[in-house]
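Engineer:
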Amino acid sequence: MKILIGITVDLNNYEDYFKRFNNKYGCSAIEFHLLEKDLGKGFHEKLKKVKGFIKANGIRHVSFHSPDRVLQSVLFEEKSAYLEADKEKLMLLMDSLKKLADDIGQEIIMVFHQGIKLPSKEVDSMTSEELAGLRKLLLKKAKQSYDWLMSKASGSKLSPMLENSPPMSAGDGNYHVLDMAFEDMEERIGNNGFVLDISHAAMCIEYYKQSQKQGKISIPALDVLKGKSGKIPESLHSLESYVTKAKHNIKWIHISDANGIMGENEGLPIGAKGSIIDFKSLLRCIEKEIKSPIGVLEIANAHKDYSLIGNSMDSLLKING
35 MKILIGITVD LNNYEDYFKR FNNKYGCSAI EFHLLEKDLG KGFHEKLKKV
85 KGFIKANGIR HVSFHSPDRV LQSVLFEEKS AYLEADKEKL MLLMDSLKKL
135 ADDIGQEIIM VFHQGIKLPS KEVDSMTSEE LAGLRKLLLK KAKQSYDWLM
185 SKASGSKLSP MLENSPPMSA GDGNYHVLDM AFEDMEERIG NNGFVLDISH
235 AAMCIEYYKQ SQKQGKISIP ALDVLKGKSG KIPESLHSLE SYVTKAKHNI
285 KWIHISDANG IMGENEGLPI GAKGSIIDFK SLLRCIEKEI KSPIGVLEIA
335 NAHKDYSLIG NSMDSLLKIN G
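Numbered according to our numbering, the sequence shown spans residues 35 to 355.
(1) Which residues in the same chain have their Cβ closer than 8 angstroms to the Cβ of Leu168, if we skip the five residues on either side of it in sequence?
(2) Mind the definition here: the segment 174-194 touches the segment 102-112 only if three or more C-beta pairs lie below 8 angstroms; say whether that holds.
(3) For Phe228, which three-state DSSP category applies?
(4) Leaving out five residues before and five after Lys151 in sequence, what residues of the same chain have Cβ atoms less than 7 angstroms from its Cβ?
(5) Any idea which residues DSSP pairs His210 with across the strands?
(6) Take the Cβ of Asn57 as the centre, count every other Cβ of all protein chains shown within 10 Å, and call the residue buried at 16 or more, exposed below.
(7) Are the Cβ atoms of Ile251 and Ile311 separated by less than 8 angstroms?
(8) Skipping 5 residues on each side, what residues in its chain have a beta carbon closer than 6 angstroms to that of Pro267?
(9) Answer with buried or exposed for Gln148, where buried requires no fewer than 16 other C-beta atoms within 10 angstroms of its C-beta.
(10) Check whether the segment 220-234 and the segment 193-200 are in contact - that is, three or more C-beta pairs closer than 8 angstroms.
(11) Is it the case that the segment 266-285 contacts the segment 172-181, given that we only count it when at least three CB pairs across the two stretches are under 8 angstroms?
(12) Go ahead and label Ala135 buried or exposed: buried means 16 or more other beta carbons lie within 10 angstroms of its beta carbon, across all protein chains shown.
(13) Checking the sheet assignment: what are the DSSP bridge partners for Pro194?
(14) Would you say the segment 187-197 touches the segment 235-244, given that touching needs at least three Cβ pairs under 8 angstroms?
(15) Only counting the same chain, and skipping five residues up and downstream in sequence, which positions put a Cβ closer than 8 angstroms to that of Leu302?
(16) In whole angstroms, what is the alpha-carbon distance linking Ser188 and Lys307?
(17) Would DSSP call Ile138 helix, strand or coil?
(18) Within 10 angstroms of the Cβ of Ala336, are there 16 or more other Cβ atoms? Answer buried if so, exposed if not.
(19) Between Leu172, Leu81, Ala255 and Lys322, which has its C-alpha nearest Asp129's C-alpha?
(20) When DSSP builds the beta bridges, which residues end up paired with Gly297?
(21) Kindly list the residues whose CB is nearer than 6 angstroms to the CB of Lys281, restricted to its own chain and excluding five residues on each side of it in sequence; keep chain order.
(22) Which residues bound the beta strand (DSSP E) around Leu331?
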């Protein structure tokens, strides 16, 4: 398999999970998912241990997934009692990761979202013109905050990378309104890399496939993306279209399955019942279009059950032949 595949871990299970995965498949890519509670007292000490672990195991590709709420709060300057505390957490995260990257002498990716989620009732109450106007304002703000974030990492080995959004949040069912199509991110990121989440893109693509069915679920932001012409964005014609259009920017890939368009349909083990992803075709496209592709298995609830990761890797190897 040409694509290099690693795993997603947290600050509690990474040593055990890495050992189990590495012993069977080999592992030189790893992503640490961070929780808000990680960004406090003791974070520096935990990263010192991570530094030793990375060096001892010769892990060449490392990323950290930032807590979504904290990043959204700061990047969009949401009015809340937590904003100043969130700014402190973000600076702690970035300063710590910059130091870690310098200490190990290699790039570290910081994965973040700017998709901004809004309560479903609020979005449903808007006309398409109102939502289009809101998106225009948010895209402008997203560009400003993206540039600010990149400036904070400038001159270091830390590489903040934007991740594409799913139609709605898995945690609360609220709608995302930005970054479902690559076209939303294209101008903002320029020549920088970004993180392609396969299941997120697949869900958006599936929405358009289902859009003519009776009783369909409405995702207003995806409808607005078609504009007055009614044309689906090029990146959301198919997963292969997404990869082909974004191939020069895709630097990291989140790999999981999906079997629908709702929040609970994402991040599933590979080979999930009712899968909407043709992995054989997708892997072939990735290996053709992207130079030295790197991905990590990002499976929901795998932090509680390692077998979800192992079984998914076995499925990918079988699919790839």
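C-beta: ideal position from N, C-alpha, C; glycine also.
Structural biologist: On the basis of the data shown:
(1) Locating residue 168 in the sequence shown gives position 134, where the first residue counts as 1. Cβ neighbours of Leu168 beyond the five flanking positions: Met160 and Val211.
(2) Segments in contact, yes.
(3) Against the sequence shown, residue 228 aligns to sequence position 194. Correct three-state label for Phe228: strand.
(4) Sequence index remark: in the sequence shown, residue 151 carries index 117 (1-based). Around Lys151: Ser203, Asn208, Tyr209 and His210.
(5) Here the question's residue 210 lines up with position 176 in the sequence shown. Its beta-bridge partners are Lys151.
(6) Working through the sequence shown from its first residue, we reach residue 57 at position 23. Classification of Asn57: exposed, given that the 10 Å Cβ count is below 16.
(7) Taking the sequence shown and counting its residues from 1, one reaches residue 251 at position 217. Taking the sequence shown and counting its residues from 1, one reaches residue 311 at position 277. No, these two residues do not count as a Cβ contact at 8 angstroms.
(8) The residue given as residue 267 occupies position 233 in the sequence shown. Counting only Cβ-Cβ distances below 6 angstroms, and skipping sequence neighbours, we find Ala215, Glu217 and Leu259.
(9) Within the sequence shown, residue 148 is the residue found at index 114, counting from 1. Label assigned to Gln148: buried.
(10) Short answer: they touch.
(11) These segments do not touch.
(12) Position 101 of the sequence shown, counted from the first residue, corresponds to residue 135. Flag for Ala135 reads buried.
(13) In the sequence shown, residue 194 corresponds to position 160, counting from 1. Under the DSSP definition of a beta bridge, Pro194 partners with Met144.
(14) In short, these stretches do not touch, since the Cβ pair count stays below three.
(15) Position 268 of the sequence shown, counting from 1, holds the residue named residue 302. Sequence-distant partners of Leu302 (beyond 5 residues in either direction) whose C-beta falls short of 8 angstroms from its own C-beta, in its chain, are Ser233, Ser290, Asp291, Ala292, Asn293, Ser309, Ile333 and Ala334.
(16) Along the sequence shown, one-based indexing puts residue 188 at 154. Along the sequence shown, one-based indexing puts residue 307 at 273. In a straight line, the C-alpha of Ser188 is about 44 angstroms away from that of Lys307.
(17) Reading the sequence shown from its first residue, position 104 is the one you call residue 138. Helix at Ile138.
(18) Here residue 336 refers to the residue found at position 302 when the sequence shown is read from its first residue. Ala336 should be labelled buried.
(19) If you number the sequence shown from 1, residue 129 lands on position 95. The candidate whose alpha carbon is nearest that of Asp129 is Leu81.
(20) Here residue 297 corresponds to residue number 263 of the sequence shown, with the count starting at 1. Gly297 is not bridged to any residue.
(21) Counting from 1 along the sequence shown, the entry for residue 281 is found at position 247. So the list reads Glu323 and Ile324, once near-sequence residues are dropped.
(22) Taking the first residue of the sequence shown as 1, we reach residue 331 at position 297. Unbroken beta strand (DSSP E) run through Leu331: Ile328 to Leu331.
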